[in-house]
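In what follows, a structure is listed as structure tokens, so that the remarks can point back to it.
Numbering (the working numbering), first residue to last: 23 to 379.
What follows is the structure, encoded as structure tokens:
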């Protein structure tokens with residue numbers, strides 16, 4: 023008998039395994055042949071604590087120490103540069119306040135990113151409190167901690183059926199009996215719930231496409247900030263000597279191994295291109311990932327109110343890596359009936375009960 027069976031080997035599942043393995047026996051089942059294959063392997067990899075709804079920001083802030091001091095993000099400062107243009111004034115003001123940014127002059131912005139097109143960019147703001155995240159290191163750290171506590175992480179193990187009597191019987195690569203299921207299946211979260219006879223919560227996968235394009239010729243972009251269009255209309259981020267560019271699309275799709283659409287990629291380049299003087303002439307690579315949201319776009323963490331031994335760890339959206347240290351701790355605190363470190367208002371916004379009202 024396993025104490026905790028976790029479905030999903032992304033950042034949500036592995037961080038949950040690390041925390042829960044101190045409370046009992048843990049098995050993680052990952053359908054793919056490696057952990058972190060889907061959303062976790064396709065992240066833009068930035069820690070920005072003001073990014074997201076208030077409950078997400080609370081998790082970000084509670085995760086900050088882990089990212090900076092444990093996973094080493096303090097050594098990879100990035101910063102975030104907001105670029106406004108004609109027609110984006112209202113969205114610019116909104117982001118300026120909500121993301122706790124401060125205005126910088128066009129000249130100061132050009133010092134950070136020398137290829138800015140000042141014939142198009144009309145206002146700029148900067149937030150230094152943003153760091154790159156080593157996603158591979160994060161996944162490895164949580165997996166290592168889980169294994170050191172005796173957890174088993176099993177790949178190539180898609181869940182085929184779930185039944186329940188006095189305990190859960192899960193059929194995957196073999197048969198597992200467990201006291202508690204942790205649903206960390208990402209885009210497939212509602213499908214796992216249905217297999218278990220649990221009411222779904224309305225999770226919606228959203229496709230986001232990314233293009234890798236050559237860096238502007240003659241420039242070392244390693245220390246450039248991430249560029250951000252007001253209202254998250256587009257973004258661009260230095261990455262391994264190239265630029266990642268995305269239209270920040272959110273196309274509702276079924277749970278799937280996502281791929282990028284050529285027209286969407288072209289739209290992303292078209293949104294980015296006027297803000298810089300360097301022309302994008304080719305793509306090096308492209309991909310897409312799924313950002314899965316609950317109806318209110320907040321994470322869902324905790325016991326199902328109708329079937330308490332089915333636990334949700336879902337709806338991470340684009341915030342999985344940012345929130346994982348605190349979200350997994352909050353999950354473990356609930357299961358262990360410990361007082362959480364989060365404030366009561368944040369707790370109410372995260373637990374599944376809110377989606378059953």
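Just so it is clear, CB atoms sit at the ideal spot from N, CA and C, and this is done for glycine as well.
Taking the Cβ atom as the reference point for each residue, do residue 315 and residue 290 lie within a distance shorter than 8 Å? no
How is the beta strand (DSSP E) around residue 48 delimited, first residue to last? 48-51
For a quick check, are the C-beta atoms of residue 302 and residue 266 less than 8 Å apart? For residue 302 and residue 266, no; Cβs fall outside 8 Å.
Endpoints, beta strand (DSSP E) assigned at residue 200: 197-205
Buried or exposed: residue 12, going by 16 or more other Cβ atoms within 10 Å of its Cβ? It is not possible to answer for residue 12, since the shown part of the chain is limited to 23 through 379.
Distance between residue 35 and residue 184 (C-alpha atoms, nearest Å): 18 Å
Return the first residue and the last residue of the alpha helix (DSSP H) that residue 363 is part of. From DSSP, residue 363 is part of no alpha helix (DSSP H); its letter is neither H nor E.
Going by C-alpha to C-alpha distance, which of 353, 370, 51 and 346 sits closest to residue 196? 51
Express the C-alpha separation of residue 162 and residue 57 in angstroms, rounding to a whole number. 10 Å
For residue 175 and residue 46, believed in contact at Cβ under 8 Å, the rounded distance: Actually they do not touch by this definition, with Cβ atoms about 16 Å apart.
From residue 29 to residue 244, what distance separates their C-alpha atoms? 37 Å
Consult DSSP for residue 321 and reduce its assignment to one of helix, strand or coil. DSSP places residue 321 in coil when its eight states are reduced to three.
Contact check, residue 354 vs residue 41 under 8 Å by CB: the rounded distance? 4 Å
Extract the residue ranges of the beta strand (DSSP E) inside the segment 300-358, only unbroken runs of 3 or more that lie entirely within it. Counting whole runs of 3 or more residues, the segment 300-358 contains the beta strand (DSSP E) stretches 307-315, 322-325 and 332-336.
Less than 8 Å separating the beta-carbons of residue 331 and residue 374? Annotated as distal: residue 331 and residue 374, with beta-carbon spacing of 8 Å or more.
By the DSSP assignment, the alpha helix (DSSP H) with residue 116 in it spans what residues? That run of the alpha helix (DSSP H) goes 111-120.
Alpha carbon of residue 130 to alpha carbon of residue 136, nearest angstrom: 10 Å
Three-state secondary structure (DSSP) at residue 248? strand
Can you tell which of 107, 187 and 344 has the C-alpha that lies nearest to the C-alpha of residue 297? 107
Relative to the alpha-carbon of residue 142, which residue among 105, 237, 186 and 334 has its alpha-carbon at the smallest distance? 105
On the three-pair Cβ rule with 8 Å, is the segment 360-372 touching the segment 85-97? no
Identify whether residue 123 lies in helix, strand or coil by the three-state DSSP scheme. coil
Residue interval of the alpha helix (DSSP H) (run including residue 132): Following the DSSP letters along the chain, one finds residue 132 inside the alpha helix (DSSP H) bounded by residues 128-134.
My understanding is that residue 310 touches residue 281, with C-beta atoms under 8 Å, so please give their C-beta distance in whole angstroms. 5 Å
Please report the Cβ distance between residue 339 and residue 313, rounded to the nearest whole angstrom; I am assuming they are in contact, meaning their Cβ atoms lie under 8 Å. Right, the Cβ-Cβ distance comes to about 5 Å (below 8 Å), so this counts as a contact.
I believe residue 285 touches residue 68 by the beta-carbon criterion, under 8 Å. Please report the beta-carbon distance rounded to the nearest angstrom. Rounded to whole angstroms, the Cβ separation of residue 285 and residue 68 is 26 Å, and the two are not in contact under 8 Å.
Do you know offhand how far residue 241's Cα is from residue 261's? 14 Å
How would you write the range of the beta strand (DSSP E) that residue 169 sits in, first residue to last? That residue, residue 169, is in no beta strand (DSSP E); its alpha helix (DSSP H) goes 157-170.
What does the alpha-carbon distance come out to for the pair residue 294 and residue 110? 14 Å
Would residue 188 be called buried (16 or more neighbouring beta carbons within 10 Å of its own) or exposed? exposed
Kindly identify the DSSP beta-bridge partner or partners of residue 233. Residue 233 is bridged by DSSP to 267 and 308.
Supposed close pair residue 300, residue 238 - CB separation, criterion 8 Å: Contact flag correct, Cβ pair sits at about 4 Å.
Using 8 Å as the threshold, is the C-beta distance between residue 209 and residue 277 below it? yes
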